[in-house]
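What follows is a short report on a single structure.
Numbering (my numbering), first residue to last: 1034 to 1248.
Right, dumping it as structure tokens:
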């Protein structure tokens, strides 16, 4: 494992911890899109179908369990926790995320490396992850004033994918025959979706002001 992959994993983990810190400690999910969290839960559920059949390493298994457990627990908190669910802004979080699933599934059925159930589901998870942040970004644009923890959560998510791109570039030049177009293209699309957010995030950081997105 190279430094870019490790940094990407740790940044991804940091995003989850920041969101759990907000939900569990402050007992608030204000500014957090349930739609995005449900998509991420589906991403991990379909990607890690091999968790109990194919052992790669202890690190790999632990990370899979963390992302599976955290994604479903966040969905549970927002939907069912007596206090947390009161802060959920259902009227603003109206992105029809179900419409993202079908195109991703159709793409996975036609664009994959091997036509098996597990491989198609893995490819589906890659495509779905690329667009899963859209409901969250739309919600932030509607609410405009973004609290610090929510802003950090989205920033870490975007940074994780950017670091993975550096990981792929590194592996391309250091590992023979390392080519994975499906993951590369989906990852690039996902990172580009964060471009506008990154710009305003760094502007607010530079000016030491509250993060705001344009209407």
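Just so it is clear, CB atoms sit at the ideal spot from N, CA and C, and this is done for glycine as well.
The continuous alpha helix (DSSP H) containing residue 1159 extends over residues 1150 to 1164.
For residue 1245, the secondary structure class from DSSP, reduced to helix, strand or coil, is strand.
Contact annotation, residue 1164 with residue 1133: C-beta distance approximately 5 Å; criterion of less than 8 Å satisfied. Looking at 1061, 1156, 1184, 1241, the one whose alpha-carbon comes closest to that of residue 1166 is 1184. Closest by C-alpha distance to residue 1043, out of 1071, 1090, 1099, 1078, is 1099. Here residue 1189 is buried: its Cβ has 16 or more other Cβ atoms, across all protein chains shown, within 10 Å.
Collapsing the DSSP output to three states places residue 1219 in a helix. Judged by DSSP in its simplified three-state form, residue 1186 adopts helix.
Between residue 1125 and residue 1176 a beta carbon distance of about 6 Å is seen, short of the 8 Å cut, so the two are scored as contacting. Nearest in C-alpha terms to residue 1045, of all of 1096, 1086, 1209, is 1096. Ranked by how close their Cα comes to the Cα of residue 1194, the residues 1113, 1128, 1041 have 1041 in first place. Its chain contains 1158, 1161, 1162, 1165 as the residues whose beta carbon lies nearer than 7 Å to that of residue 1076, once the 5 sequence neighbours on both sides are disregarded; these appear in chain order.
Membership of residue 1064 in any alpha helix (DSSP H) is not indicated, and neither H nor E is assigned to it by DSSP. By the C-beta density criterion, residue 1228 is exposed, having fewer than 16 other C-beta atoms within 10 angstroms. Of the residues assessed, residue 1116 falls on the exposed side of the cut-off, its CB having fewer than 16 other CB atoms within 10 angstroms.
Per DSSP, residue 1233 is one residue of the alpha helix (DSSP H) stretching across 1228 to 1240. Under the three-pair Cβ rule at 8 Å, the region 1052 to 1066 does not count as touching the region 1219 to 1233. In the three-state scheme derived from DSSP, where H, G and I count as helix and E and B as strand, residue 1172 is classed as helix.
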